[in-house]
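A.B. asks:
Residue numbers (the numbering used here): 8 to 411.
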């Protein structure tokens, strides 16, 4: 059996944060661990030929399509080196239809891994009058619909995003159009760009795309509200993976597309079963916290042992869950511009503890994480927008925090 290796990455850090808001995608990416995916050549061919699978009714028709498809694919692509290589340099020298088919094959390989699907789950989405805005492929994991847009591109260098930026732009436009058509639905809309190298020393790379939120410019009040919500969504997604962020992302999308966004005012964020979200305990149990949960965030430790706290006031989480438009648009921290000496219970990874000269095995472990606890102090500044930040240093409060 011959297998193909496909590298899998998020398009960039912004898309990585957005994609990580979905538990299934986050889990799937973590399972890959940066190692990519291996798929048998014949399975890749089957998935690449997806659009042809409704075109045969007899054995003879099947034989004709399979043989011709393999011959045509082999004419333009080399699968013998353990990945997909283009035999020609440049997008215009390769049959674009077959480049897109390789894009479909790579996309379905990735999507099936992320959502625990297989080839029997997929259907082509019917083309409508807005065909340029349609996603191509549709499946369901039993609880949500999953729509996928596949793009195939021939590139000189898979590490250069400029060679696939047009494909990313197309996916962003299509996803925004889909959300506008169905703003209240919780469908997964995933874009995958399959960058196929012409260089023999590179591996085909599948880039995952989830576009940023589009904020309308026709209503200044709505813009202010959405700009703040989008900002806190981005910040929170860096500091925590709490489940309420998925509901927050969906709410921002719905608000952006609603003709009357006021219908969502005071509509608190809720779980799928309708229960209201509460401020997640996980935030204050696994992340660094300031002065008995005054704020939460991350203590960033440099290789030289310098430490810096970056976080948000705890009240920001409540503000996001409660969804009072007036409070969000008018929010300003009562301690804006003030700096105070504060205690920080830092929860850092073991390697960072070593950078501080500490033995992580002698420190208190944070349950269900790879982090350890270290007591710190520092003068932290609170901003008007609710950020809390400043340099901190660890305090040898007990023998448990001494690496000697």
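Glycine included, every Cβ here is placed at the ideal spot set by N, Cα and C.
Between the beta-carbon of residue 379 and the beta-carbon of residue 370, is there less than 7 Å?
C.D. replies: yes
A.B. asks: Give the secondary structure of residue 315 by DSSP, where H, G and I count as helix, E and B as strand, and everything else as coil.
C.D. replies: strand
A.B. asks: I'd like to know if residue 29 contacts chain C, where contact means its C-beta is closer than 7 Å to some C-beta of that chain.
C.D. replies: Absent from the structure: chain C. Only one protein chain is present.
A.B. asks: Check whether the region 360 to 374 and the region 330 to 344 are in contact - that is, three or more C-beta pairs closer than 8 Å.
C.D. replies: no
A.B. asks: Count the other C-beta atoms from every protein chain shown that fall within 10 angstroms of the C-beta of residue 229, then say buried if there are 16 or more, exposed otherwise.
C.D. replies: buried
A.B. asks: Quick check: the region 115 to 125 against the region 143 to 154, are at least 3 beta-carbon pairs closer than 8 Å?
C.D. replies: yes
A.B. asks: Using DSSP's beta-bridge definition, name the partner residues of residue 372.
C.D. replies: Within the DSSP bridge table, the entry for residue 372 names 379 as partners.
A.B. asks: Return the Cβ separation of residue 388 and residue 346 in integer angstroms, given the expectation that the two are a contact with Cβ distance under 8 Å.
C.D. replies: That pair is a contact at about 4 Å.
A.B. asks: Exposed or buried, which one is residue 155 when buried takes at least 16 other CB atoms within 10 Å?
C.D. replies: buried
A.B. asks: Assuming residue 358 is part of the alpha helix (DSSP H), what are its boundary residues?
C.D. replies: 357 to 362
A.B. asks: Among the residues of its own chain, which have a CB less than 6 Å from the CB of residue 401, if the five just before and after it don't count?
C.D. replies: These residues qualify, in order along the chain: 363, 381 and 383.
A.B. asks: With DSSP as the reference, identify every bridge partner of residue 394, one or two as the case may be.
C.D. replies: Bridge pairing for residue 394: 319 [DSSP].
A.B. asks: What is the DSSP secondary structure of residue 300, counted as helix, strand or coil?
C.D. replies: coil
A.B. asks: Using the C-alpha atoms, what's the distance from residue 40 back to residue 34?
C.D. replies: 10 Å
A.B. asks: Work out the CA separation of residue 257 and residue 244 for me, nearest whole Å.
C.D. replies: 14 Å
A.B. asks: Quick check on this structure: which residue in 25, 274 and 11 has the alpha carbon closest to the alpha carbon of residue 237?
C.D. replies: Checked all of 25, 274 and 11; the closest Cα to residue 237 is 25.
A.B. asks: Might you give, ordered along the chain, the residues of its own chain that have their beta carbon closer than 8 Å to the beta carbon of residue 95, omitting 5 neighbours on each side?
C.D. replies: 83, 101, 161 and 205
A.B. asks: Who are the Cβ neighbours of residue 47 in its own chain at under 8 Å, not counting the five residues just before and after it?
C.D. replies: 8, 9, 10 and 11
A.B. asks: Alpha carbon to alpha carbon, how far is residue 403 from residue 354? Give it in angstroms, no decimals.
C.D. replies: 15 Å
A.B. asks: Round the Cβ separation of residue 393 and residue 307 to the nearest angstrom and send it over; I've been treating them as touching at under 8 Å.
C.D. replies: Their Cβ separation, rounded to whole angstroms, is 18 Å, which puts residue 393 and residue 307 out of contact at 8 Å.
A.B. asks: Report, in whole angstroms, the separation of the C-beta atoms of residue 321 and residue 302, which I expect to be a contact under 8 Å.
C.D. replies: Between residue 302 and residue 321 the Cβ distance is about 6 Å, and since that is below 8 Å, they are a contact.
A.B. asks: To which residues does DSSP link residue 351 through a beta bridge?
C.D. replies: For residue 351, DSSP records a beta bridge to 297 and 383.
A.B. asks: Mapping DSSP to helix, strand and coil, what is residue 287?
C.D. replies: coil
A.B. asks: If we count the other Cβ atoms within 10 Å of its Cβ and call it buried at 16 or more, is residue 278 buried or exposed?
C.D. replies: exposed
A.B. asks: Counting beta carbon pairs with one atom in the region 48 to 58 and one in the region 109 to 119, are three or more of them shorter than 8 Å?
C.D. replies: yes
A.B. asks: Take residue 207 and list the residues in its own chain whose beta-carbon comes closer than 8 Å to its own, dropping the five residues that flank it on each side.
C.D. replies: 88 and 92
A.B. asks: Out of curiosity, what's the CA-to-CA distance linking residue 341 and residue 157?
C.D. replies: 48 Å
A.B. asks: Using the beta-carbon count (16 or more within 10 Å), is residue 281 buried or exposed?
C.D. replies: exposed
A.B. asks: Do residue 18 and residue 216 have their beta-carbon atoms positioned less than 7 Å apart in this structure?
C.D. replies: yes
A.B. asks: Which residue's Cα is closest to the Cα of residue 297: 21, 252 and 317?
C.D. replies: 317
A.B. asks: According to the Cβ coordinates, are residue 251 and residue 284 closer than 7 Å?
C.D. replies: yes
A.B. asks: What span of residues does the beta strand (DSSP E) with residue 10 cover, start to end?
C.D. replies: 10 to 17
A.B. asks: My output table needs one value for residue 112: the three-state DSSP class, helix, strand or coil.
C.D. replies: helix
A.B. asks: Please determine, among 314, 213, 397 and 360, the residue with the shortest C-alpha to C-alpha distance to residue 168.
C.D. replies: It is 213.
A.B. asks: Contact defined as beta carbons within less than 8 Å: I believe residue 44 pairs with residue 15. What is the distance between those atoms, to the nearest angstrom?
C.D. replies: Taking a contact as a CB-CB distance under 8 Å, the pair residue 44 and residue 15 counts as one, their CB atoms being some 6 Å apart.
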